[in-house]
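See structure below.
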Amino acid sequence: MKISEDFFLKDIISIDQFDKRSVEKVFATAAKIKKTPVKKLLKILSGKVIALLFFEPSTRTFSSHSAAAKRLGAQTIEHQNPMQTSSVVKGETIEDTMKIIEQYSDAIVIRHPMIGTAEKAANVVDIPVINAGDGAGEHPTQALLDAFTIYERFGTLDNLTGLFCGDFRYGRALRSLLKLFSMYKNNTFYLLSPEELRLTEEDFRLYKNKGLNLIEINSEKEIPSYCHFWYWTRIQKERFKADKSKKILMPILSPELLEKKGNKKMIVMHVLPRIDEVDKRIDKDPRCIFLTTQAKNGMFIRMALFSLILGDRR
Amino acid sequence: MKISEDFFLKDIISIDQFDKRSVEKVFATAAKIKKTPVKKLLKILSGKVIALLFFEPSTRTFSSHSAAAKRLGAQTIEHQNPMQTSSVVKGETIEDTMKIIEQYSDAIVIRHPMIGTAEKAANVVDIPVINAGDGAGEHPTQALLDAFTIYERFGTLDNLTGLFCGDFRYGRALRSLLKLFSMYKNNTFYLLSPEELRLTEEDFRLYKNKGLNLIEINSEKEIPSYCHFWYWTRIQKERFKADKSKKILMPILSPELLEKKGNKKMIVMHVLPRIDEVDKRIDKDPRCIFLTTQAKNGMFIRMALFSLILGDRR
Amino acid sequence: MKISEDFFLKDIISIDQFDKRSVEKVFATAAKIKKTPVKKLLKILSGKVIALLFFEPSTRTFSSHSAAAKRLGAQTIEHQNPMQTSSVVKGETIEDTMKIIEQYSDAIVIRHPMIGTAEKAANVVDIPVINAGDGAGEHPTQALLDAFTIYERFGTLDNLTGLFCGDFRYGRALRSLLKLFSMYKNNTFYLLSPEELRLTEEDFRLYKNKGLNLIEINSEKEIPSYCHFWYWTRIQKERFKADKSKKILMPILSPELLEKKGNKKMIVMHVLPRIDEVDKRIDKDPRCIFLTTQAKNGMFIRMALFSLILGDRR
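Protein chains in written order, with our numbering: chain A, 77 to 390; chain B, 77 to 390; chain C, 77 to 390.
Right, dumping it as structure tokens:
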């Protein structure tokens with residue numbers, strides 16, 4: 077369901093539900109929460125219970141939702157591995173599990189390896205459902221936190237130049253982010269990835285038609301020096317079953333590359349976790365904000381969503 | 077230990093501890109909690125810590141206890157799989173684990189695959205222990221929530237006609253419920269199950285002698301049309317090692333059966349999880365309350381028990 | 077970093093950071109917390125979020141930290157098995173995991189099977205890190221709770237005679253405790269262990285040089301009757317890969333041994349879990365406090381540390 081001004085009791089399944097007004101309402105709420113004293117926040121969701129159902133491993137997304145709920149004074153029911161610890165092992169359907177959890181909680185955050193599961197869940201329950209990643213599908217809260225991090229730095233989501241590097245085929249976070257950006261004007265994004273992991277032609281045309289100026293490049297040499305941000309991703313090995321005889325060459329984010337192709341005002345982001353595609357000597361560079369500001373904004377965006385969806389309406 | 081009026085700091089191990097007075101005190105407390113504004117409830121167990129030790133997979137029972145504690149303002153210590161994550165892997169006995177957890181908490185909720193474990197636990201610790209299912213033993217809080225759901229609908233637990241369908245040999249919830257009903261008068265229950273899963277002769281006689289009018293039937297055709305409730309269970313495959321060459325025929329709960337043998341005032345319950353013994357087209361029928369009212373009452377009954385056992389005495 | 081008077085925002089990695097003043101500040105704080113009404117404690121860490129990252133199975137240490145945080149009004153983010161449920165399975169380094177969790181929380185408690193991990197963690201994050209056991213390394217909070225239990229009983233940590241029995245080679249708790257005691261004067265400790273599990277010569281000399289009067293004995297017969305405390309440990313089978321043809325003979329703590337070699341004023345402690353090295357008939361003896369006072373002090377010591385590290389400075 078489309079969200080415009082009113083988030084109250086709405087599901088968050090896809091970036092498709094958002095328009096510029098709703099995106100910016102999330103950002104304004106997150107910015108306000110960042111400035112609010114910690115103890116004042118505890119009243120916002122006092123008495124609420126939020127269920128976190130994570131059918132896939134997660135540190136970041138699980139922990140940031142858990143912390144977000146608790147920092148607003150809510151409590152959580154947590155299942156970190158329901159494949160092993162819940163009635164799912166007895167053969168229960170996801171729909172039944174959701175209906176039951178609905179009876180105990182005020183909202184459900186779900187991560188699941190199968191595309192479409194969050195929407196399926198939202199269709200069977202009346203309380204709000206937040207999609208925390210559904211397989212190769214979407215990851216809307218990640219897109220919001222990434223966009224918020226850029227917005228916070230540059231004050232706009234229009235007229236930007238960005239470099240995206242990595243896996244555009246299986247990376248759900250990236251796809252959700254491109255969708256979000258296609259609501260905005262005059263953005264040029266350079267895409268650098270191994271050939272096997274490029275956007276599908278269909279996706280490429282889709283985002284093009286929505287107004288994104290996408291430029292595929294073939295090597296680090298073609299990166300323009302005036303990017304506002306670089307956005308790196310790992311190769312989702314767990315989803316990608318490549319011909320193993322073929323080595324996938326992934327561009328490496330290194331201090332040397334940043335020296336050669338970067339600029340002073342830019343920021344460097346990563347969807348995390350990172351494996352070998354980042355040279356860790358780069359961590360000390362203050363432009364690299366993936367382990368700090370970007371991660372912390374993950375918590376604030378989730379706090380913003382929780383408070384908009386479940387907080388008392390004034 | 078028998079409970080009559082006073083639940084304070086008592087264990088809840090078996091339905092045998094209850095009499096009509098204590099059962100109805102739980103029901104009255106649950107009914108009152110259902111009507112109390114959410115934020116008012118948070119004071120009842122503020123400052124209390126309840127340990128949830130689940131040595132067996134569970135969604136419903138785990139989550140409803142977790143939510144019940146938190147909705148009363150308590151906090152929890154949670155072990156969802158202590159076989160893998162705790163000192164049990166180092167060879168510690170259940171008695172030692174319980175003694176240790178006792179030092180940190182105000183009450184312990186335990187689920188365990190071995191019959192008698194909850195009682196064993198209660199014998200070694202001084203804080204209250206709640207049995208959340210001990211193997212093929214008992215499941216007293218499930219029986220209370222089931223009976224409460226019937227009581228809430230019909231205002232009584234006397235003079236009822238019910239159909240029980242499924243597994244009477246390994247289903248602990250059902251056995252606890254029959255025990256509870258045998259405190260009440262003039263109840264007639266039709267029992268429909270595959271031959272291999274009928275009540276043992278011993279159990280059959282036991283409940284008969286306690287005053288339950290039990291009638292075993294052999295097919296759906298014999299279901300009387302005037303039941304107050306139908307109560308379905310799944311076959312506990314994980315406990316039941318049948319001759320696999322023999323197929324167990326389980327009666328299916330379907331819209332057609334409900335049309336043919338049901339009536340307007342009845343309710344349809346299920347102990348959940350359900351597998352193949354329910355035709356899901358039935359879910360929309362408002363008489364089917366297993367995914368809604370019955371499940372939600374699970375949380376309220378646990379809230380009632382927690383508040384009676386741990387709440388401040390006025 | 078050395079702690080002397082001021083714990084605020086400090087890491088707790090090793091007993092080496094402590095001096096007598098800081099040890100006794102922890103004890104005084106724990107003693108005060110023990111006497112404070114439960115509801116009054118909830119304000120101390122209200123609004124704080126503490127992450128519990130347990131990369132190794134634990135009942136006691138995990139649960140006591142969880143309860144300690146919650147009894148002070150804090151909330152927790154819990155990962156009981158991050159090897160299976162977090163981004164660690166995707167190949168993320170411990171440093172990255174820590175940096176991310178830092179963004180969401182006010183302190184991190186970490187247990188990890190590899191020596192040095194807690195320190196490594198503390199080096200990469202700015203929030204306080206508490207070492208809850210790092211492989212065969214240290215277990216400073218266990219040493220503090222053990223010493224507090226002795227101090228509480230005898231009013232001093234000087235001029236004591238103790239018997240240590242068990243595994244001095246792989247037992248991290250014991251090593252941390254000997255370090256703590258070496259700040260104090262005139263203590264004589266008898267050490268009884270299978271030959272393979274004795275202190276290394278290096279360790280033996282180290283503690284000797286620090287002023288501990290250590291006496292290795294070869295059998296139960298040599299235990300002096302005037303010990304203030306006995307301190308038993310299990311053999312850490314999971315760390316110890318012995319020649320399996322050789323049986324390790326471990327002294328058994330039994331009522332008979334206590335009758336023969338004990339005295340009325342002593343206390344009997346154990347680091348737990350216990351396996352076969354304790355004859356359970358001894359549990360009823362009030363001098364055995366490992367399942368009661370010693371365990372409970374574990375929670376109070378962690379409450380003291382949390383409140384000193386994170387509580388508002390008055």
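Ideal placement from N, C-alpha and C gives every residue a C-beta, glycine not left out.
1) Pick helix, strand or coil for PHE305 of chain B, following the three-state DSSP scheme.
2) Pull up the distance between the alpha-carbon of ALA143 of chain A and that of ILE91 of chain A, whole angstroms please.
3) Name the chain A residues whose beta carbon is nearer than 7 Å to that of GLY238 of chain C?
4) Rounded to the nearest angstrom, what separates TRP308 of chain B and MET345 of chain B at their Cα positions?
5) Can you find at least 3 beta carbon pairs, one from the region 105-118 of chain B and one from the region 128-139 of chain B, that sit closer than 8 Å?
6) Curious, which full-length beta strand (DSSP E) runs of at least 3 residues does the region 145-209 of chain C contain?
7) Cα separation between VAL205 of chain B and GLY192 of chain B?
8) So which of B:CYS241, B:ARG248 and B:GLY247 has the shortest CA-CA distance to ASN294 of chain B?
9) Determine, using beta carbons only, whether ASN234 of chain A and LYS261 of chain A come nearer to each other than 8 Å.
10) Pull the bridge partners of MET345 of chain C from the DSSP assignment, please.
11) Grab me the residues of THR369 of chain B's own chain with a C-beta within less than 7 Å of its C-beta, minus the 5 sequence neighbours each way, in chain order.
12) Could you tell me the alpha carbon to alpha carbon distance between GLU271 of chain B and PHE257 of chain B, rounded to whole angstroms?
13) Who are the Cβ neighbours of ARG310 of chain C in its own chain at under 6 Å, not counting the five residues just before and after it?
14) Which term fits ARG187 of chain C, buried or exposed, when burial requires 16 or more other beta carbons within 10 angstroms of its beta carbon?
15) Identify, in the order they occur along the chain, each residue of the same chain with its Cβ nearer than 8 Å to the Cβ of ARG97 of chain A, setting aside the five sequence neighbours on each side.
16) Listing by chain order, which chain C residues have their CB less than 8 Å from the CB of LEU118 of chain A?
17) Work out the CA separation of LEU221 of chain C and ASN373 of chain C for me, nearest whole Å.
18) Does any residue of chain A bring its CB to less than 8 Å from the CB of SER181 of chain C?
19) Where DSSP assigns a beta bridge to THR264 of chain C, which residues make up the other side?
20) Cutting at 7 Å between CB atoms, please list the residues of its own chain near PHE230 of chain C, excluding the five before and the five after it.
21) With 16 other CB atoms within 10 Å as the buried threshold, where does GLY238 of chain B fall?
22) What is the C-beta distance between VAL121 of chain C and LEU85 of chain C, in whole angstroms, given that I count them as a contact (C-beta under 8 Å)?
23) Among A:TRP306, A:ALA223, A:ARG357 and A:GLU332, which has the Cα closest to the Cα of ALA104 of chain A?
24) Going by CA-CA distance only, name the one from B:LEU117, B:LEU118 and B:GLY123 that's closest to LYS116 of chain C.
25) What residues in the region 347-366 of chain B have a beta carbon less than 8 Å from any beta carbon of chain A?
26) Quick one: does PHE114 of chain A have its CB under 8 Å from some CB of chain C?
27) Ends of the beta strand (DSSP E) at LEU334 of chain B?
28) Over the uninterrupted alpha helix (DSSP H) stretch that includes LEU117 of chain B, give me the two end residues.
29) DSSP three-state call for LEU273 of chain B: helix, strand or coil?
30) Do the CB positions of THR135 of chain A and THR173 of chain C come within less than 8 Å of each other?
31) Answer with yes or no whether the minimum CB distance from GLY387 of chain A to chain B is below 8 Å.
32) Would you kindly work out how many angstroms separate the C-alpha atoms of GLU214 of chain C and VAL200 of chain C, rounded to a whole number?
33) Between LYS372 of chain C and chain B, is there a C-beta pair that is closer than 8 Å?
34) Please tell me whether LEU288 of chain B and ASN263 of chain B are closer than 8 Å, where the distance is taken between their beta carbons.
35) Just the C-alpha distance for LEU275 of chain B and MET190 of chain B, rounded to the nearest angstrom, thanks.
To lay it out plainly:
1) strand
2) 23 Å
3) Going along chain A, no residue has its Cβ under 7 Å from GLY238 of chain C, so there is no contact; the nearest lies around 42 Å.
4) 6 Å
5) no
6) 151-155 and 183-188
7) 13 Å
8) B:CYS241
9) It should be noted that the sequence gives Asp, not Asn, for residue 234 of chain A. Yes. Within cutoff.
10) C:TYR307
11) THR225
12) 23 Å
13) ARG350, ILE351 and GLU353
14) buried
15) SER80 and GLU81
16) SER122 and GLY123
17) 6 Å
18) yes
19) C:THR237 and C:ASN289
20) LEU236 and HIS304
21) buried
22) A small fix is needed here, since residue 121 of chain C is Leu in this sequence, not Val. Not a contact, Cβ separation roughly 13 Å.
23) A:ALA223
24) B:GLY123
25) LEU348, PRO349, ARG350 and ILE351
26) Reading the sequence as shown, one finds Val at residue 114 of chain A and not Phe. Closer than 8 Å to some Cβ of chain C, the Cβ of VAL114 of chain A qualifies, so yes.
27) Here LEU334 of chain B belongs to no beta strand (DSSP E); instead the alpha helix (DSSP H) covers 331-337.
28) 114-117
29) helix
30) yes
31) no
32) 19 Å
33) yes
34) yes
35) 20 Å
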